[in-house]
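Novice:
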């Protein structure tokens with residue numbers, strides 16, 4: 005019994021050792037698995053975090069897109085509001101003009117501007133108080149209410165000047181000989197580069213008695229800015245006859261410009277220039293347009309437009325970011341339309357694409373210029389050119 | 011008595027631009043009411059304008075010059091009615107600069123009393139403004155009777171100017187004209203007395 009038990013104990017010892025080794029192996033494997041499990045858990049947590057971040061990023065992108073959209077809408081609204089404001093002030097001025105007309109006929113009691121000092125001021129009293137001069141008319145006009153929205157707003161002060169001019173007569177010829185030289189007045193072509201403006205310039209210069217110069221208008225831009233400043237804020241302390249001074253300043257600059265820069269030939273009917281300055285904002289454009297419209301007697305403005313897509317593909321425009329180019333061109337077209345709509349009697353918007361292909365569109369231009377007869381008498385230059393091509 | 015330059019003589023013969031005029035460019039560091047009071051006390055009629063207003067006129071004169079030069083590079087093109095620079099060969103640059111200044115003068119100084127020196131005060135300017143060089147050059151070239159004063163602050167009583175680059179350029183543009191540097195380091199009485207004497211001698 006004892007002999008059989010002894011090997012059994014030894015076997016048991018071996019078995020125990022084997023079991024211990026196996027347990028150790030399992031234990032090690034278990035520890036390794038646990039570590040791997042932890043790594044996987046960490047990776048999972050990391051992936052979840054990344055997913056959340058990605059979701060947050062997407063939301064952020066969406067929010068940015070929404071903000072950008074809102075900003076664009078805001079810009080659009082501002083632009084529309086500005087147009088509405090211009091229209092509102094236009095209506096206000098029309099009413100004011102009608103009121104002025106009624107007042108001048110003496111149907112309503114008026115507050116007469118105290119302008120008696122004008123004749124004693126400065127170096128030009130005789131001219132200022134002369135009945136042919138604007139001062140005479142203005143001194144009898146009603147005073148604008150101090151602090152009114154009219155006085156506080158910028159573009160609308162140009163309208164104020166323009167409205168005054170509508171009732172203020174013309175500059176006298178002895179004092180401003182340059183302005184009196186063209187018998188039918190002035191014509192300015194405002195446009196942007198690559199709009200077919202040279203074709204238009206040539207077409208206008210083909211009309212007998214017309215002298216439309218090239219890009220000489222650039223010099224007037226800073227001066228129109230200075231003039232605009234006088235209109236908006238006034239630069240002198242004698243506010244009483246400020247409007248008179250503004251008119252005289254505009255006329256004397258215009259006269260100088262005609263005499264020394266445009267230099268029209270003798271016996272000319274119409275003088276002017278073509279400008280293709282691109283204005284960044286409406287105020288800058290209005291400043292120049294208002295200066296031309298009000299300071300040159302019987303000035304007509306032709307706003308030349310062209311298919312924006314075609315212009316954007318042409319010349320130096322093609323090297324600029326397309327979206328930005330189209331925005332600039334669209335803005336200019338809006339500026340042209342706004343000014344033209346405000347003063348249709350002496351402004352006209354025309355399209356290169358129309359007048360180079362349609363006789364009717366060309367007729368409209370010549371009628372606007374009061375030269376319809378010329379077009380009938382002479383063969384239409386553009387039609388002749390088109391026929392030659394055919 | 012001030013010296014009479016060739017330009018002044020020409021203009022006097024033409025009966026133009028002969029009124030003595032003072033342009034005071036006052037730095038941002040100078041109290042505008044201090045300089046205005048000092049000038050009025052010194053017996054001058056003061057007309058206050060912005061630097062932008064003045065510089066826009068100078069820029070207009072510069073651009074005509076630029077247009078004329080640019081156009082002259084386009085050989086023979088200016089005589090064609092359909093040319094981009096049509097008519098640029100006719101531009102009378104010098105005459106335009108002169109007439110522009112006359113328009114500016116008659117607008118700004120119509121209220122000036124002929125018996126008193128007249129001052130155009132330009133308050134709140136930065137004397138580092140590059141446009142000042144062009145402005146002063148245009149005025150000095152065209153307006154024979156103009157004298158320019160620069161008013162700076164915090165320089166003590168000597169009135170020595172800051173030697174910045176722009177000021178250096180302006181001094182060169184001034185050449186030998188009788189400009190002074192005025193400082194609000196002076197008391198109002200000192201400044202008034204100094205200016206009154208200077209005006210008497212200069213104008």
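Chains as they are written, first to last, in our numbering: chain Z, 5 to 394; chain A, 11 to 213.
Glycine included, each C-beta is placed from N, C-alpha and C at the ideal position.
1) Leaving aside the five residues before and after residue 135 of chain Z along the sequence, list all residues of the same chain whose C-beta is less than 8 Å from its C-beta, in chain order.
2) If contact is defined by three or more beta carbon pairs under 8 Å, each pair taking one atom from either stretch, is the stretch 304–316 of chain Z in contact with the stretch 219–232 of chain Z?
3) By DSSP's criteria, residue 191 of chain A is part of a beta bridge. Which residues make up the other side?
4) Run through chain A and tell me which residues come within less than 7 Å of residue 217 of chain Z, C-beta to C-beta.
5) If you follow the alpha helix (DSSP H) that residue 1 of chain Z is part of, which residue opens it and which one closes it?
6) Check whether the Cβ atoms of residue 56 of chain A and residue 49 of chain A sit closer than 8 Å, and answer yes or no.
7) Counting only runs that start and end within the stretch 266–306 of chain Z, where is the alpha helix (DSSP H) found for 4 or more residues in a row?
8) Where residue 192 of chain Z and residue 306 of chain Z are concerned, what is the direct C-alpha to C-alpha distance, given to the nearest angstrom?
9) Quick check on DSSP: helix, strand or coil for residue 196 of chain Z?
10) When the cut-off is 8 Å and only beta carbons count, does residue 45 of chain A lie next to chain Z?
11) How would you label residue 121 of chain Z, buried or exposed, when you count the other beta carbons within 10 angstroms and need 16 or more for buried?
12) Thinking C-alpha only, which one of Z/234, Z/358, Z/92, Z/18 is nearest residue 67 of chain A?
13) Grab the span of the beta strand (DSSP E) containing residue 54 of chain A for me, first residue to last.
14) Is DSSP giving residue 220 of chain Z helix, strand or coil here?
15) Which chain Z residues are close to residue 215 of chain A, counting only those with a beta carbon under 9 Å from its beta carbon?
16) Counting C-beta neighbours from all protein chains within 10 Å, is the total for residue 30 of chain Z 16 or more, i.e. buried, or is it exposed?
17) Please report the Cβ distance between residue 201 of chain A and residue 219 of chain Z, rounded to the nearest whole angstrom; I am assuming they are in contact, meaning their Cβ atoms lie under 8 Å.
18) Quick one: what's residue 35 of chain A bridged to in DSSP?
19) My guess is that residue 308 of chain Z and residue 354 of chain Z are in contact by the Cβ rule of under 8 Å, so how many angstroms apart are they, rounded?
20) Tell me, please, whether the CB atom of residue 101 of chain A is closer than 8 Å to any CB atom in chain Z?
21) Mind the definition here: the stretch 204–222 of chain Z touches the stretch 325–335 of chain Z only if three or more C-beta pairs lie below 8 Å; say whether that holds.
22) State the DSSP-derived secondary structure class of residue 326 of chain Z, mapped to helix, strand or coil.
23) Do residue 36 of chain A and residue 134 of chain A have their CB atoms nearer than 8 Å?
24) Listing by chain order, which chain Z residues have their CB less than 7 Å from the CB of residue 144 of chain A?
25) Would residue 273 of chain Z and residue 186 of chain Z qualify as a contact pair, given that the criterion is a beta-carbon distance under 8 Å?
26) Alpha carbon to alpha carbon, what distance is there between residue 331 of chain Z and residue 131 of chain A?
27) Verify whether the separation of the beta carbon atoms of residue 97 of chain A and residue 266 of chain Z is less than 8 Å.
28) In whole angstroms, what is the alpha-carbon distance linking residue 162 of chain A and residue 223 of chain Z?
29) Cα separation between residue 60 of chain Z and residue 295 of chain Z?
30) Quick one: Cα of residue 32 of chain A to Cα of residue 39 of chain A, how far?
31) To which residues of the same chain is residue 232 of chain Z closer than 6 Å at the C-beta, ignoring the five residues directly before and after it?
32) Could you pull out every residue in the same chain whose Cβ sits closer than 6 Å to the Cβ of residue 148 of chain A, ignoring the five residues on either side in sequence?
33) Identify the contact partners of residue 62 of chain A in chain Z, using a Cβ-Cβ distance below 9 Å as the criterion.
34) With a threshold of 8 Å between beta carbons, is residue 140 of chain Z in contact with chain A?
35) Given a threshold of 16 other Cβ atoms within 10 Å of its Cβ, counted over all protein chains shown, does residue 257 of chain Z qualify as buried or as exposed?
Specialist: Looking at the atomic coordinates:
1) Low local confidence applies: a pLDDT of 28 at residue 135 of chain Z is under 50, so the model's placement there is unreliable, and no value is given.
2) no
3) DSSP, once it has assigned bridges, lists A/160 as partnering residue 191 of chain A.
4) Within chain A, the residues near residue 217 of chain Z are 96, 97.
5) A query on residue 1 of chain Z cannot be resolved here, the shown segment of chain Z reaching from 5 to 394 and no further.
6) yes
7) 286–299
8) Those two C-alpha atoms are separated by around 6 Å.
9) coil
10) No, no contact with chain Z.
11) With a pLDDT of 32 at residue 121 of chain Z, under the threshold of 50, the predicted position of this residue should be treated as unreliable, and no value is reported.
12) Z/234
13) No beta strand (DSSP E) contains residue 54 of chain A, which DSSP labels as neither H nor E.
14) DSSP, read as helix, strand or coil, puts residue 220 of chain Z in coil.
15) Here chain A comprises residues numbered 11 to 213, so residue 215 of chain A is not present and cannot be evaluated.
16) exposed
17) At roughly 48 Å, the Cβ-Cβ gap does not stay under 8 Å, so residue 201 of chain A and residue 219 of chain Z are not in contact.
18) A/132, A/160
19) 6 Å
20) yes
21) Because the criterion of three Cβ pairs below 8 Å is not met, the stretch 204–222 of chain Z and the stretch 325–335 of chain Z do not touch.
22) helix
23) Yes.
24) Simply none; closest approach about 11 Å.
25) yes
26) So the alpha carbons of these two residues sit roughly 41 Å apart.
27) yes
28) 32 Å
29) 54 Å
30) 20 Å
31) 291
32) 68, 71
33) 229, 230, 233
34) Confidence at residue 140 of chain Z is low in this model, with a pLDDT of 28, below 50, so its placement is unreliable and the value that follows should be read with caution. Taking Cβ atoms only, chain A never reaches closer than 8 Å to residue 140 of chain Z, which makes this a no.
35) Buried: at least 16 other Cβ atoms inside 10 Å.
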